[in-house]
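Below: the structure, in structure tokens.
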Amino acid sequence: MIVKVQKEDFDASAACAEMATVSGAGALVTFVGTVRDYSDASDILSMEIEHYPGMTEKELERVSMQAAKAYDIIDSLIIHRYGLLQPQDNIVLVAVWSRHRAAAFDACRFLIDVLKSSAPFWKKEITPQGSRWVTDCPGCRAGSREGHRHSVPSAHPDQRLHSS
């Protein structure tokens, strides 16, 4: 299980190819998350991602081990970026190797869902109207461009909620 938290961009294919010698794997499932160009019915000019160094890596390692036990996977790779990102920039890569595809799909979904809810990352969206801390809400998770509003449009940094 490999975890990387970095400022630099990544190439998902190259990152997975570096681990091509995963013995016994019959399936590889990947998820790449990118910066959207909209959120909460507003254009996104850029996004700033912060994290808690040390704690972030430990949490990602913990969930990787949890996935390995729960889904009988062989290996996993998580790369998550921080810093100032532009629309369409890569944010996160989750890759899972297993003997069979069902376990790989299930574990990949589990990992990205847990990352969105428990990893210590914070996102600030920069829009034409200003900046706001991102909160995790059902509308955001559904990727809805219209039809939902945040109950707290901009959380104070001490009260910001996680979302990835």
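In terms of full-length UniProt numbering, the sequence shown opens at residue 1 and continues consecutively.
We put the CB at the ideal spot given by N, CA and C, even for glycine.
#1: What residue does the alpha helix (DSSP H) around Arg-109 start on, and which one ends it?
#2: Starting from Thr-30, trace the beta strand (DSSP E) both ways and give me its first and last residue.
#3: What residue range is occupied by the uninterrupted beta strand (DSSP E) comprising Ala-14?
#4: Please classify Ser-39 as buried or exposed, where buried requires at least 16 neighbouring CB atoms within 10 angstroms.
#5: With H, G and I counted as helix, E and B as strand and the rest as coil, what does DSSP make of Ala-41?
#6: Taking the alpha helix (DSSP H) that Gln-66 belongs to, which residues open and close that run?
#7: Assign Thr-127 to one of three DSSP states: helix, strand, or coil.
#8: Per DSSP, what kind of secondary structure is Asp-89 in: helix, strand or coil?
#9: Is it buried or exposed, Gly-143, if we count other Cβ atoms within 10 angstroms and call 16 or more buried?
In terms of the structure at hand:
#1: Against the sequence shown, residue 109 aligns to sequence position 109. Where Arg-109 is concerned, the enclosing alpha helix (DSSP H) stretches over 101-118.
#2: Translated into positions along the sequence shown, residue 30 becomes position 30. Counting along the chain, Thr-30 sits inside the beta strand (DSSP E) bounded by residues 27-34.
#3: For the purposes of this step, residue 14 is identified with residue 14 of the sequence shown, where counting begins at 1. Run containing Ala-14: none in the beta strand (DSSP E); it sits in the alpha helix (DSSP H), 12-17.
#4: Within the sequence shown, numbered from 1, the residue matching residue 39 stands at position 39. Buried.
#5: The residue you call residue 41 lines up with position 41 of the sequence shown. Reduced to three states, the DSSP call for Ala-41 is coil.
#6: Taking the sequence shown and counting its residues from 1, one reaches residue 66 at position 66. Annotation for Gln-66: the continuous alpha helix (DSSP H) segment containing it runs 55-71.
#7: The count along the sequence shown starts at 1 and reaches residue 127 at position 127. In this structure, Thr-127 counts as strand in the three-state DSSP scheme.
#8: As a working note, residue 89 is residue 89 in the sequence shown. Asp-89: coil per DSSP, three-state reduction.
#9: In the sequence shown, residue 143 corresponds to position 143, counting from 1. Caution is warranted here: a pLDDT of 48 is assigned to Gly-143, below 50, making its placement in the model unreliable, and no coordinate value can be reported.
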